Ligand SMILES: Cc1ncc(COP(=O)(O)O)c(C=O)c1O
């Protein structure tokens, strides 16, 4: 099957095999060696000197961790949402008692750093900013470098959801002064779902000392303190650790810069091919179109369900539909992590076959 959703991504054969190894004592020396190796690989991918908390959770767990380790109930938090996952970040903060300030940004657009500047000027009591690096639901990437410059010039905390971008699109955590950056195993890492990661800057670490949102399972400090013993506080997803360790070695071997270039090349190819077919990209400005997932507008004449259904049943290709308000309006092609040119060629070729059958 050609699985082209924006995560979980296909998992290379050797990583799958690594995940099938026998269990070990997660409080023993073998695990200590494993977590050490994974930890240094993750630091490389996050481009950080800070410690990385490794949570057994899906990405949403890391979103929750980012929030509860940074804020207290009643804190004013600026949510920069450009889609479903940005909304989720805000929703988590709101559930834990944050007061959310949320300017409306149309789906398909990236966040304008100038708008963030205006919001921070208008609301001096804002404590931190939530932003999605790569909005998987719309296929748009935010300019975190510029956003971070603005947010840090106001000395606020910047929390970045890099779940569908880390290890695919450049995000040097320390260099850009991001305070909390989170990600998950099932996207750029080419590993099954099950682990999520979070990094805190010194400013975020210091904020967490006074942050009073309730936390236990997702307490970053518990994770980093156990890491010093070569453990995690709770039983970890050991099988995913096995796969991730190999995946990180493969990624380091390929080189981060080469991985970024590969994603850029693949995305450019997908976008050109989609436009050549006569379809329109959902991203308003191609400059901010994502290098990990391409969102395509579904023409009025086309039944989205039939299009995706036929691709799946007749051609073994699985694409993603639109989420929430975008259901039936767009479809999405995932091209992150483990993807080869021939798989993209196949998607394009079969789109050309199926589109006329569904009214295009
Ligand atoms: C940008 C982004 N944030 C958050 C999530 C949520 O992650 P999970 O589904 O692993 O909880 C996803 C998953 O697709 C995502 O792409």
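In our numbering, the protein residues as written are 92 to 451. Ideal Cβ placement from N, Cα and C applies to all residues, glycine included. Only a predicted model underlies this, so the values are computations on that prediction, with no experimental measurement involved.
Residue i, enclosing alpha helix (DSSP H) - first and last residue
i, result
"residue 191", "Counting along the chain, residue 191 falls outside any alpha helix (DSSP H), though it belongs to the beta strand (DSSP E) covering 190–192."
"residue 93", "First-last for residue 93: 93–95, but that is the beta strand (DSSP E), not the alpha helix (DSSP H)."
"residue 236", "235–244"
"residue 340", "329–345"
"residue 209", "204–213"
"residue 441", "432–448"
"residue 311", "311–318"
Where residue i falls, given that 16 or more other Cβ within 10 Å makes a residue buried
i, result
"residue 386", "buried"
"residue 217", "buried"
"residue 407", "exposed"
"residue 160", "buried"
"residue 363", "exposed"
"residue 92", "exposed"
"residue 346", "exposed"
"residue 368", "exposed"
"residue 392", "exposed"
"residue 275", "buried"
"residue 230", "buried"
"residue 224", "buried"
"residue 179", "buried"
"residue 108", "exposed"
"residue 315", "buried"
"residue 381", "buried"
"residue 120", "exposed"
"residue 311", "buried"
Residue i versus residue j: straight-line alpha-carbon distance, rounded
i, j, result
"residue 330", "residue 114", "8 Å"
"residue 317", "residue 324", "6 Å"
"residue 281", "residue 343", "13 Å"
"residue 148", "residue 355", "29 Å"
"residue 175", "residue 197", "12 Å"
"residue 45", "residue 183", "Residue 45 cannot be examined here, being either before or after the span of the chain that is shown, 92 to 451."
"residue 169", "residue 219", "6 Å"
"residue 353", "residue 442", "23 Å"
"residue 298", "residue 210", "21 Å"
"residue 97", "residue 435", "13 Å"
"residue 123", "residue 390", "53 Å"
"residue 444", "residue 405", "11 Å"
"residue 377", "residue 250", "25 Å"
"residue 278", "residue 255", "6 Å"
"residue 417", "residue 110", "35 Å"
"residue 226", "residue 326", "31 Å"
"residue 433", "residue 212", "49 Å"
"residue 238", "residue 245", "11 Å"
"residue 415", "residue 388", "15 Å"
"residue 439", "residue 403", "14 Å"
"residue 375", "residue 125", "44 Å"
"residue 309", "residue 150", "12 Å"
"residue 304", "residue 319", "25 Å"
"residue 106", "residue 340", "11 Å"
Limits of the unbroken beta strand (DSSP E) element including residue i
i, result
"residue 181", "Not the beta strand (DSSP E): residue 181 falls in the alpha helix (DSSP H), residues 175–186."
"residue 288", "286–291"
"residue 387", "384–388"
"residue 252", "248–252"
"residue 196", "Run containing residue 196: none; DSSP gives neither H nor E here."
"residue 422", "421–425"
"residue 410", "408–412"
"residue 219", "217–223"
"residue 275", "271–275"
"residue 257", "Run containing residue 257: none; DSSP gives neither H nor E here."
Test item: CB-CB of residue i and residue j under 8 Å
i, j, result
"residue 422", "residue 399", "yes"
"residue 177", "residue 171", "yes"
"residue 350", "residue 269", "no"
"residue 94", "residue 101", "yes"
"residue 158", "residue 335", "no"
"residue 267", "residue 236", "yes"
"residue 395", "residue 419", "yes"
"residue 290", "residue 430", "no"
"residue 173", "residue 201", "yes"
"residue 206", "residue 194", "yes"
"residue 221", "residue 295", "no"
"residue 333", "residue 141", "no"
"residue 138", "residue 263", "yes"
"residue 162", "residue 302", "yes"
"residue 241", "residue 204", "yes"
Quick check on the DSSP output: what are the complete alpha helix (DSSP H) runs of length 4 or more inside the region 108–172, in order along the chain?
120–137, 150–159
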